[in-house]
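The sequence shown begins at 1 in full-length UniProt numbering and counts up one residue at a time. In this text, a Cβ means the ideal position worked out from N, Cα and C, and glycines have one as well. Model, not experiment: these values are computed from the prediction.
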Amino acid sequence: MPQESFLARRTLGVSNWLVIAVVTCFVLGFIPRGVKQSILTNNNNAADWLPASYPESKDLIWFRDHFISAQFVLVSWDGCTLGDNDKLRLLATKLRAARAKGQPQFSKVITGPEMVETLTQEPARLPQHAAVKRLEGALIGPAKTGPDGEPLPDEQRTTCLIAYLSPYSQDGNRNMRAAVLEVQRIAAEECGIKPEQLHLGGPPVDNITIDIEGEKTLQRLAILSGVVGLTLAYWFFRSVSTTLAVFIVAGLSAGASLAGVYYYSVVWERWLMGMDRAHIGTVDAILLSMPAVVYVLGLAGAIHLVNYYRDERDEHGVRGAVERAVRIGWGPCALAAFTTAVGLGSLAGSDIIPIMKFGGFTALGVLVTVGILFTVLPVFLHVAPPKLRGDDHPDATGHSGVLPAWAHRYVAFVTTRHGLVTTGCLLMMAGLALGLPQIKTSVQLLKLLDEDVDLIHDYAWLEEHLGNLVPMEVVVALTPEQLRTADEKTVSDSGEYRMSMYERMHMAQRLERRVEQLGEVSRALSAASFGPEESQGGGIFNSRAVSTTSRILDENRDQLREYMRTEISPDGEEPRELWRVSARVAALKDIDYGQFVDDLRGAVEPVLTTYRLRNRIVKQLHDSGKGLRRAKVFLAYSGGDQQSIAPDSPAGMLRDVLDETGPGVSRNGIILGGVNLDQLAKLDEPTRTANLQALAAQDVVVAPTAAAAAKLAELAPALAVIAPDPPLEPGQPHPSPAFDKHASLQAVYSGIVPLVYKTQRELLRSLRESIGWATLLIAGVMMALFRNVAGGLVSMIPNVFPIVIVFGAIGWLGIKVDIGIMMTASVALGVAVDDTIHFLTWFRRGIRDGLDRQTATRVAFERCGVAMTQTTLIAGLGLSVFATSTFTPTQQFGTLMITILTAALVGDLVMLPALLCGPLGWFFAPKAAAVPPPGGPAELAGVPSQQPSAAYEPEPVPTAVDPAPAGDNAPHSAEPVDPPARNPDESQLSPANAALRSKLQNLRRRVPPN
């Protein structure tokens, strides 16, 4: 009596398959809770995309420590105007009282009408119309016109409410979501605002909408994807049990990967690291695509293992077929999972946290899939074995061919016309590779949503009726030495110029106006927006007015604290004074954030340079023993008179700032003069020399720009000139003064815009580095596998084929790569490597059994070509339903996955076989012949021609026809007995063919070693 298979044996009176099933069910029982808890941590805050160690992240944290958070909810609705604001006042009152678990949900609530009223009081004391104009583009919309084109009263302007989240509401995604939903509930249920008329905006609303859309997509489309995949799988397998087994393995793998995020946070971050909350172990919109990736790879492994099982059962009988399939498939499946994990793990080196988490957790999920694959699926196949291929449509020998007739013709074409196929594939790669350098990146939070999502319509309405919503912050720090009260001296004993409150307010006003000139900005707010009108007149009247204004502003500092406050200084040092300018940028326009940040610096830095030059002028006068009164200062400038001395030019701004400088802030202080360097250079030598001598006699000569300084240095090298600091070299990082307590008159650029810009740059760098490292690491694994450097390198050609094809096409088409697209690069490499390893494993086994390269390639085709095609169709078409998602990353993922899977299949079933049969195949099998021996038909390799032939059928295995014993091996008791195969007379074959046939019988009968 033959020995029972491993799964049928008993251990301590219990069948091995049952022991494995019970233990596996216990372990997998932790998956549902892990999945649920992971989804609850879903959070999509763009501020968390970069590590806290980045300067941009540090600046944002520093900004939030000093000013009211950018986490605000803006609320308006159809008919919300300055003249009809009863519901607005009611909503503001109720939101101020809103609490959750005894904690306020909002730290501050402001409305447009309230701010207009504030501006009509101290310290601003503005007329009503001027107050409305100050808030236009921020809290109040533009003026409306009637049917006749005449402007309507200010009461018809749209207004809004802004609710700033409290620290409690910002503490975790759950609290933030509760606060946003509370706004919607109160507005609809307690204020009578119709939900379809309500419009919300702001960073928390963005985050919550992305969370909801991502979760909704995952739940709805995952079911549809499963239905499509199940239908295709059943069509291929013709077995309900096999189809369910394959999808249970894939589904458990996907669930385990998502549950692993939660258990990582519990075990590693909380238990071992002692953190109070999870930092890496949380889910975001990008990580929600991970289950689909693991599902595809788990599905691929399961389909390969099922096909190995069916091959073994076809050839050697049902007894032990599961164990033999596991021994055959363990090596290639484990190696494929390892190399895929290496490719995905390369993403873990990215500094973009969502990509880093996606790479790390997906790599871990792929490795876990191997354990699930070789525990769950073998038990299923043992308990409910599927039908044999030949059970439905046997051929004349009692078996059905693995490949259809058209596939045999295709295999013959690829293996015999390998030169043509290889050349065509390489030319295609070369042509599309030219598009790779043209790839551009884009990172915008709202681009994660489809155009039909309600939030996108809300933003369009808000930007049309109110103004832009994306905050961009500029904070200027002033050291205590540069500040003075109304009764203090203008210049300190050390020669430092000290600005009054009026001068500081005027500086903020200059910055605000410069920022508002940028086309991307609808409105900029600063302390000057809430201050009094600029004093007019001169002399004594002006001096008294300025002094009075400074005193009033000092007395009302608390009302300006959102835009002007004292820095937190825990180290005991005297704190700096911080002045904030808050710009609003469009959310829906396709803005180049990198260019915008540069333009913003170009608007702000000339103003700060002007004030720094003024300080150096005063310092030089003080050190030379001269005071400000009647000091002679000459400005040297280049260009035409009108352009160079225009109020907004560097020379014009310096002239105006110097006009303000001195006792009484009047023109009675410094005596200003100017010299046009272009005109000076055109003078004859004697006249120019005389002018330069007169210039040298001045108290101070200053060049407002670097160009003017260089020009003056050419004309008078020995002349002492005050000039701006040299500009930074292109690409040199701009140092942030946020944490330099001695930095003064320097700007900190903060907000979500610099963070997004940095993410864009890091995205492209991460894309290049991750693909590069993944390719190198996988190439190293392939070299070790083949023990051949050249063979490992050649094997990478079909692996990078889908990346070059897909991303090259993206570059040519001008499609911008975002986070959702970027992560598919490593997925493409992983899928391609998975199939490559299976194909090469069977190719090498054929070579070890003495086959030539062409015949070994055909054997590999028969062994795994069907499984590879099934994986592509089932997974690709199943995931293609995600292309209908309203969540852009999921939409792109669905579209790209079917494209990438198809490209990977072409690389592995078109390019790879052609390479193996061509000259490059020598590196894989240097001792094997390239083609079959003369007179030896390739069909003997197990790839039959269109007509059945007895010559290529395997010998039957005698033990396979014995019926399985009842009882312990009950699941097999009702199985059909394998039909016997014909045993042809070897005398019908030539000696060469008989020898080849003998080798092939050994190949197909025995269990090949790993």
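Length of the line joining the Cα atoms of residue i and residue j
i, j, result
"Gln-105", "Leu-755", "26 Å"
"Glu-122", "Trp-461", "34 Å"
"Ala-723", "Leu-60", "32 Å"
"Lys-711", "Asp-623", "26 Å"
"Ala-337", "Arg-9", "29 Å"
"Met-505", "Lys-489", "18 Å"
"Asn-175", "Ile-162", "18 Å"
"Pro-956", "Asp-314", "Summary for Pro-956: the model assigns pLDDT 38, below 50, so the residue's position carries little reliability; its value from the coordinates is reported in the next sentence. Roughly 10 Å separates the two Cα atoms."
"Gln-649", "Ser-169", "For the record, residue 649 in the displayed sequence is Ser; it is not Gln. About 45 Å."
"Ile-645", "Ala-720", "22 Å"
"Ala-828", "Val-804", "10 Å"
"Tyr-611", "Gln-156", "41 Å"
"Tyr-164", "Leu-373", "50 Å"
"Glu-939", "Gly-419", "With a pLDDT of only 44 at Glu-939, under the threshold of 50, the placement of this residue in the model should not be trusted; the figure read from the coordinates follows. Approximately 21 Å, taken between the alpha carbons."
"Leu-335", "Val-368", "13 Å"
"Tyr-497", "Ala-696", "24 Å"
"Trp-235", "Ala-832", "24 Å"
"Gly-673", "Phe-634", "4 Å"
"Leu-915", "Arg-787", "18 Å"
"Ile-617", "Val-702", "8 Å"
"Ser-547", "Pro-480", "19 Å"
"Gln-698", "Leu-553", "37 Å"
Host beta strand (DSSP E) of residue i (start-end)
i, result
"Pro-378", "Counting along the chain, Pro-378 falls outside any beta strand (DSSP E), though it belongs to the alpha helix (DSSP H) covering 353 to 383."
"Gln-854", "Segment 853 to 879 is the alpha helix (DSSP H) holding Gln-854; no beta strand (DSSP E) there."
"Val-657", "Val-657 -> not in any beta strand (DSSP E); alpha helix (DSSP H) instead, spanning 650 to 660."
"Tyr-637", "632 to 637"
"Ser-473", "Going by the sequence as given, residue 473 is Glu instead of Ser. Unbroken beta strand (DSSP E) run through Glu-473: 470 to 478."
"Val-267", "Premise fails: Val-267 is in no beta strand (DSSP E) and is neither H nor E."
"Thr-111", "106 to 111"
"Leu-525", "521 to 526"
Assigned exposure category for residue i - 16 Cβ within 10 Å defines buried
i, result
"Leu-427", "exposed"
"Pro-32", "exposed"
"Leu-658", "buried"
"residue 1024", "The question about residue 1024 has no answer, for the chain in this structure spans 1 to 1010."
"Glu-190", "exposed"
"Asn-969", "Any reading at Asn-969 must be qualified, since the residue scores a pLDDT of 41, below 50, and its modelled position is unreliable; the value itself is stated next. Result: buried."
"Gly-555", "For the record, residue 555 in the displayed sequence is Glu; it is not Gly. Glu-555 should be labelled exposed."
"Pro-291", "buried"
"Ala-966", "Below a pLDDT of 50, predicted positions are generally treated as unreliable, and Ala-966, at 39, falls in that range; the measurement from the model is reported next regardless. Under this definition Ala-966 is an exposed residue."
"Met-273", "exposed"
"Ala-21", "buried"
"Arg-417", "exposed"
Interface flag, residue i vs chain C, CB-CB below 8 Å
i, result
"Arg-277", "This model lacks chain C altogether, as it is built from one protein chain only."
Beta-carbon gap between residue i and residue j smaller than 8 Å
i, j, result
"Asp-154", "Leu-82", "yes"
"Thr-836", "Pro-802", "no"
"Val-322", "His-382", "yes"
"Trp-773", "Ser-346", "yes"
"Leu-879", "Gly-865", "no"
"Phe-882", "Val-794", "no"
"Leu-232", "Ile-778", "no"
"Arg-584", "Val-475", "no"
"Gln-509", "Ala-528", "yes"
"Ala-245", "Leu-377", "yes"
"Ser-826", "Gly-343", "yes"
"Gly-751", "Pro-354", "no"
"Pro-51", "Asp-276", "no"
Residue i: first and last residue of the uninterrupted alpha helix (DSSP H) it sits in
i, result
"Trp-406", "405 to 416"
"Val-618", "593 to 623"
"Gly-808", "789 to 813"
"Met-176", "173 to 185"
"His-457", "454 to 465"
"Ser-442", "Taken as a continuous stretch (DSSP letters only), Ser-442 belongs to no alpha helix (DSSP H), as it is neither H nor E."
- Which ranges would you report for the beta strand (DSSP E) in the region 315 to 344 if only whole runs of at least 3 residues count? Counting whole runs of 3 or more residues, the region 315 to 344 contains no beta strand (DSSP E) stretch at all.
**Report entry** Those runs of the beta strand (DSSP E) which lie wholly inside the region 6 to 87 and span at least 3 residues
**Finding:** You should have 72 to 77.
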